[in-house]
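Participant:
Number of protein chains: 2
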Amino acid sequence: MASNTVTDAPATQSKAQLAYAFLKARISDGTFTPGYRLVLGQIARDLNVSVVPVREAIRLLESEGLVTFEHNIGAQVAMHDETEYLYTMQTLSVVEGVATALSAPHVTVDDIARARAINAQLIECLNHFEPHRFTALNLEFHAVLFENCPNPHILDLVHRGWGRLTVLRDSTFSFVPGRAHASVREHEEILELIEANADPLDIELAARAHRTRTLDAFLAYQENKHVQESRHS
Amino acid sequence: MASNTVTDAPATQSKAQLAYAFLKARISDGTFTPGYRLVLGQIARDLNVSVVPVREAIRLLESEGLVTFEHNIGAQVAMHDETEYLYTMQTLSVVEGVATALSAPHVTVDDIARARAINAQLIECLNHFEPHRFTALNLEFHAVLFENCPNPHILDLVHRGWGRLTVLRDSTFSFVPGRAHASVREHEEILELIEANADPLDIELAARAHRTRTLDAFLAYQENKHVQESRHS
DNA sequence: CTCTTCCGAATCGTATACGATCTGTGATAC
DNA sequence: GTATCACAGATCGTATACGATTCGGAAGAG
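Heads up: the sequence lines are chains A and B, in that order. Residue numbers are given in my numbering: position 211 of the first sequence equals residue 1555, and the series is strictly consecutive. Residue numbers are given in my numbering: position 146 of the second sequence equals residue 1490, and the series is strictly consecutive.
1. When you compare only the Cα positions, how much space is there between F1413 (chain A) and A1419 (chain A)?
2. Which residues in the same chain have their Cβ closer than 8 Å to the Cβ of D1543 (chain A), if we skip the five residues on either side of it in sequence?
3. Terminal residues of the continuous beta strand (DSSP E) containing A1419 (chain B)?
4. Short of 7 Å in beta carbon distance, which residues of its chain neighbour T1432 (chain A), apart from the five on each side in sequence? Order them along the chain.
5. Using 10 angstroms around the beta-carbon of Q1357 (chain A), count the other beta-carbons present and answer buried if the total reaches 16, otherwise exposed.
6. Within 9 Å of any Cβ in chain B, is that where the Cβ of G1385 (chain A) sits?
7. Taking 9 Å as the cut-off, decide whether the C-beta atoms of R1555 (chain A) and L1446 (chain A) are in contact.
8. Report the residue from A:R1399, A:T1377, A:H1531 whose alpha carbon sits nearest the alpha carbon of L1362 (chain A).
9. Please say whether N1541 (chain B) and A1583 (chain B) have beta carbons closer to each other than 9 Å?
10. Measure the CB-CB distance between F1519 (chain B) and S1527 (chain B) and report whether it falls below 9 Å.
11. Quick check on the DSSP output: the alpha helix (DSSP H) that includes T1377 (chain A) runs from which residue to which?
12. Under 9 Å, Cβ to Cβ, is there at least one residue of chain A near R1389 (chain B)?
13. Quick check on T1453 (chain A): does DSSP put it in helix, strand or coil?
14. Between the alpha carbons of F1473 (chain A) and A1524 (chain A), how many angstroms are there, rounded?
15. Pull up the distance between the alpha-carbon of D1560 (chain A) and that of Y1429 (chain A), whole angstroms please.
16. What's the call for H1570 (chain B), buried or exposed, on a 16-neighbour Cβ count within 10 Å?
17. Quick check: what's the CA-CA separation for G1374 (chain B) versus L1367 (chain B)?
18. Using 9 Å as the limit for Cβ to Cβ distance, is F1413 (chain B) near chain A?
19. Quick one: what's E1414 (chain B) bridged to in DSSP?
20. Roughly how far, in whole angstroms, is the beta-carbon of A1461 (chain B) from the beta-carbon of I1498 (chain B), given that I think they are within contact range, below 8 Å?
21. Using 9 Å as the limit for Cβ to Cβ distance, is Y1431 (chain A) near chain B?
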């Protein structure tokens, strides 16, 4: 009866979810670049579904800010000016900060150990540097620290922030590899704060500053690049 | 050509938006109480539209957390346990705090004057206390202080927080009228911090604490009520 | 040569239709 | 009397269909 391609779990998966996953994947991996026009009928044909579920998926992505939508015009992958990255990082610095602080009391010694192991991999990664891998590990590290946040709204905001970030820029560390060294050091500092049952506000501000510094490093790099470019002209 | 009932602006309003506004209004004013089953066909008939736009509106409301949705089962107005209010207030305290701090440098003397005027109305309101009016003015006051926030994401989160709050509880001050007096005093303190160009972090924490205290007051009231109830039994 | 106007193709928004799934009720077995 | 099963009504999910709107290019006026 339930004859599905792979497993039975997604057998009950709606076509809307299928379309959503399809579009999100294509946007994330860069197949659909910012500004790309998302035509309902075309996508529907590609997926062998009707336009209705595709439409639903697009509206969902719109509410997450990954695509923009205009009445009677259609959808396109959201365009990002440089400020977009700035705003997303700033927002994430705030929500990830509180999430980490609220999570701290629920972090077990086992969690700390796992985080240290991941940070060790990050340090090891510094030698033969791969920005993409570094960023993936970096998320893993922070996820251990904020996933215990008891407030589901804040946790959701953190997830959305990371989601947007991966769409906006594959890895900040591609641009500012130097930041990676400081980053792993700060990770250890944050771990020590949590271990010491530090004041939640201290943990929050440390986590926030950690992210803000990555942002600042990128902004400084960009500033510098612009200066160099203007010298050539 | 564009012959509409009232104005021309909503002439281009889609039926999906109509359904969205209709549902949101009914949920906010309490016609549809938490747990109320939202049947697509029924709502569609009431609005003289088909189920498609209604469905779209409901999915939007779902993404905002106002309704819950289950595959092949349907939607109902989101149920709120007590923790829901707690989590929403906590989240709002954080995002409103940063929004206020980020907004502060862009607040003009004129804005400050407007805020003071609103706070004066709040003080005046303390005599013949109407919780609903007080809450509306309270939002107006804070809106003046955070609307200048340059980060659109954070601003959006603040708006969503307030939106959820009005759905969850008409007015916290109905339960804890005593909190209103302290509240208006803290308003003045926040205004003075902004006027003095205080450290953004100080402004942020003041704004955050202001909201947290309202939450704490409610929790204390509730605690007290439960104690009294258990005495009767 | 340039600007305006008009028309057709492409796409969107929504109505209708129909198969799939769930829920509750009544009949049957133990 | 209770538990299980089957069936019917209700509702959901999606396909198809069609009017409405937009956009781009061709035709014509200046």
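Idealized CB from N, CA, C, for every residue including glycine. Computed from a predicted structure; not experimentally measured.
Facilitator: The relevant details are as follows:
1. 4 Å
2. none
3. Where A1419 (chain B) is concerned, the enclosing beta strand (DSSP E) starts and stops at 1418–1421.
4. G1505, R1508, L1509, L1512
5. Counting Cβ neighbours within 10 Å, Q1357 (chain A) comes out exposed, since fewer than 16 surround it.
6. no
7. Contact flag unset, no.
8. Restricting attention to A:R1399, A:T1377, A:H1531, the CA atom closest to the CA of L1362 (chain A) is found in A:R1399.
9. Any property of residue 1583 (chain B) remains undetermined from this structure, which presents chain B solely from 1345 to 1577.
10. no
11. Taken as a continuous stretch (DSSP letters only), T1377 (chain A) belongs to no alpha helix (DSSP H), as it is neither H nor E.
12. no
13. For clarity, residue 1453 (chain A) is Val in the given sequence; the question names Thr instead. Helix.
14. Straight across, the Cα-Cα distance linking F1473 (chain A) with A1524 (chain A) is about 9 Å.
15. 12 Å
16. exposed
17. 11 Å
18. no
19. B:G1418
20. Contact flag wrong, Cβ pair sits at about 26 Å.
21. yes
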